[in-house]
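To keep things clear, I will list the structure first and then write my remarks on it.
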Amino acid sequence: MTTPDTPQSLPAGRTWRNYFPDGDLWVFGYGSLIWKPPPHYDQRVPGYIDGYVRRFWQASTDHRGTPEAPGRVVTVIERGFWESLDDPHAHLESSTARVWGAAYHIPASHAEEVHDYLDEREIDGYTVHYTPFHPISAVATSTVSRAPETETVPETQSLSPAHAAPITCMVYIGQPSNPQFLRDPARREPQDVAEVISHGRGQSGKNTEYLYLLEKALEGLGLGSADMHVTDLVRRVKAIESTEEATAEQAAAERDVKESLEASWAEAHRDSSQIE
């Protein structure tokens with residue numbers, strides 16, 4: 001039986017429009033979408049999804065690695081299946097099984113375009129699923145109709161009562177059945193993952209950059225939402241890299257997260273102004 005908190009895959013013959021009959025779209029990001037939002041969003045809401053854990057158990061043969069030397073990126077794994085796996089980081093996992101991130105609302109005027117964009121961006125082993133997203137009691141960025149006085153990401157604002165209930169969100173997940181999932185337990189060992197990340201590079205840049213960007217993006221949500229799996233990998237990768245290099249990369253990641261969110265918000269605001 002499906003409950004309001006039961007994750008759902010996309011059944012055969014159904015499209016995203018069946019889940020969003022008004023034509024707009026909600027998308028949840030737990031990885032790069034936190035700091036590199038989809039285009040044309042008009043709301044960015046921090047919060048979490050239940051029943052999953054986030055792990056660097058997805059190989060990347062494009063953005064953060066190559067087919068010859070795959071990098072490592074995050075996916076989320078259903079808690080029930082994850083509990084059947086050997087995970088050296090199991091002791092770090094909260095009993096709440098919450099994955100924190102950010103949800104984006106895409107207006108109907110751009111939903112089809114953004115859906116196609118995300119399908120292309122998340123093509124390497126990820127599939128579409130639908131799950132309830134739980135917003136916290138604040139909005140990290142205003143809707144574009146409430147322009148801030150400066151072209152920066154606005155301060156946290158109160159969440160409207162209409163968004164207090166769970167929101168059905170589309171989410172891209174690298175299922176354990178996909179070819180990029182790390183099935184070999186040895187490849188899921190934290191030190192092995194850290195070694196791969198420390199040397200990986202793909203078309204979007206260094207794998208270490210992805211790790212540090214995720215760390216800083218989670219910190220930037222301001223929710224006390226640090227992921228201990230991510231934090232431990234950061235510690236391990238910094239031990240592999242030189243201190244000077246790691247410090248410089250972390251500082252660059254913090255700057256890049258801020259600049260990326262500011263740029264995406266400014267673009268969304270321009271879209272809204274043109275419509276008005």
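Take 1 as the starting number for the sequence shown in full-length UniProt numbering and just add one per residue.
Note that CB positions come from ideal geometry on N, CA and C, so glycine has one too.
So the alpha helix (DSSP H) GLU78 belongs to, where does it begin and stop? Locating residue 78 in the sequence shown gives position 78, counting from the first residue. Taken as a continuous stretch (DSSP letters only), GLU78 belongs to no alpha helix (DSSP H), being part of the beta strand (DSSP E) at 71 to 78.
Best match in SER198, LYS258 and LEU218 for proximity to ARG235 [C-alpha to C-alpha]: If you number the sequence shown from 1, residue 235 lands on position 235. Among SER198, LYS258 and LEU218, the Cα nearest to that of ARG235 is on SER198.
Would you check if the distance between the CB atom of GLY222 and the CB atom of VAL257 is smaller than 9 Å? Taking the sequence shown and counting its residues from 1, one reaches residue 222 at position 222. Taking the sequence shown and counting its residues from 1, one reaches residue 257 at position 257. The answer is no: Cβ separation not under 9 Å.
Tell me the rounded alpha-carbon separation between residue 306 and VAL237. Because the chain is modelled from 1 through 276, residue 306 falls outside the range shown and cannot be assessed.
Any contact of the segment 78 to 89 with the segment 27 to 34, i.e. 3+ C-beta pairs under 8 Å? no
Give a yes or no on whether the C-beta atoms belonging to residue 334 and ARG183 are separated by under 9 Å. Given that the chain is displayed from residue 1 to residue 276, the structure contains no residue 334 and the question cannot be resolved.
Within the continuous alpha helix (DSSP H) that includes THR231, where are the two ends? Numbered from 1 along the sequence shown, position 231 holds the residue referred to as residue 231. Start and end: 228 to 240.
Hey, could you find the ends of the alpha helix (DSSP H) PRO88 is sitting in? The residue labelled residue 88 in the question sits at position 88 within the sequence shown. No alpha helix (DSSP H) contains PRO88, which DSSP labels as neither H nor E.
Could you tell me the distance, in whole angstroms, from the CA atom of SER94 to the CA atom of ALA248? Looking up residue 94 in the sequence shown gives position 94. Looking up residue 248 in the sequence shown gives position 248. Inter-residue distance for SER94 and ALA248 is about 31 Å (C-alpha atoms, whole angstroms).
Look up TRP16 in the DSSP assignment and say whether it is helix, strand or coil. As a working note, residue 16 is residue 16 in the sequence shown. Three-state DSSP puts TRP16 in a helix.
Quick one: grab the DSSP three-state call for ASP256. Within the sequence shown, the letter at position 256 stands for residue 256. Taken through DSSP and simplified to helix, strand or coil, ASP256 comes out as helix.
The beta strand (DSSP E) that contains HIS105, what's its start and end? Sequence index remark: in the sequence shown, residue 105 carries index 105 (1-based). From DSSP, the beta strand (DSSP E) with HIS105 extends over 98 to 106.
Quick one: residues in its chain with C-beta nearer than 8 Å to the C-beta of ILE242, no 5 flanking neighbours on either side, listed in chain order? In the sequence shown, the residue the question calls residue 242 occupies position 242. With the sequence shown as reference, residue 242 is identified as Ser, and Ile is not the correct amino acid for it. Same-chain partners within the cutoff: there are none.
With DSSP as the reference, label ILE34 as helix, strand or coil. Taking the sequence shown and counting its residues from 1, the one referred to as residue 34 is at position 34. Reduced to three states, the DSSP call for ILE34 is helix.
Which residues does DSSP pair with GLY202 in a beta bridge? As a position in the sequence shown, residue 202 is number 202, starting the count at 1. Bridge pairing for GLY202: GLY205 [DSSP].
Can you find the residues in the same chain that come closer than 7 Å, C-beta to C-beta, to residue 279, ignoring five residues on each side of it along the sequence? Coverage of the chain is limited to positions 1 through 276, which leaves residue 279 absent and any answer about it impossible.
For PRO132: DSSP bridge partner residues: Sequence index remark: in the sequence shown, residue 132 carries index 132 (1-based). DSSP, once it has assigned bridges, lists THR168 as partnering PRO132.
Considering only the alpha carbon of each residue, which of GLU112, ALA252 and TYR52 lies closest to THR15? Taking the first residue of the sequence shown as position 1, residue 15 is located at position 15. Closest option to THR15, Cα to Cα, is GLU112.
With a threshold of 16 other CB atoms inside 10 Å of the CB of SER32, please say whether the residue is buried or exposed. Numbered from 1 along the sequence shown, position 32 holds the residue referred to as residue 32. Classification for SER32: buried.
Would ARG55 be called buried (16 or more neighbouring beta carbons within 10 Å of its own) or exposed? Within the sequence shown, residue 55 is the residue found at index 55, counting from 1. Per the 10 Å Cβ criterion, buried.
With a threshold of 8 Å on Cβ separation, who are the neighbours of GLN180 within its own chain once the five nearest residues in sequence on each side are excluded? Within the sequence shown, numbered from 1, the residue matching residue 180 stands at position 180. For GLN180, where only same-chain residues beyond five positions count, the Cβ hits under 8 Å are GLN58, ALA59, SER60, THR61, PRO70, ASP124, GLY125 and GLY174.
Given a cut-off of 9 Å on the beta-carbon distance, is the pair PHE20 and THR131 in contact? Working through the sequence shown from its first residue, we reach residue 20 at position 20. Working through the sequence shown from its first residue, we reach residue 131 at position 131. For PHE20 and THR131, no; Cβs fall outside 9 Å.
For SER84, the three-state DSSP class (helix, strand or coil): Stepping through the sequence shown from its first residue, residue 84 is reached at position 84. Note: SER84 maps to coil in three-state DSSP.
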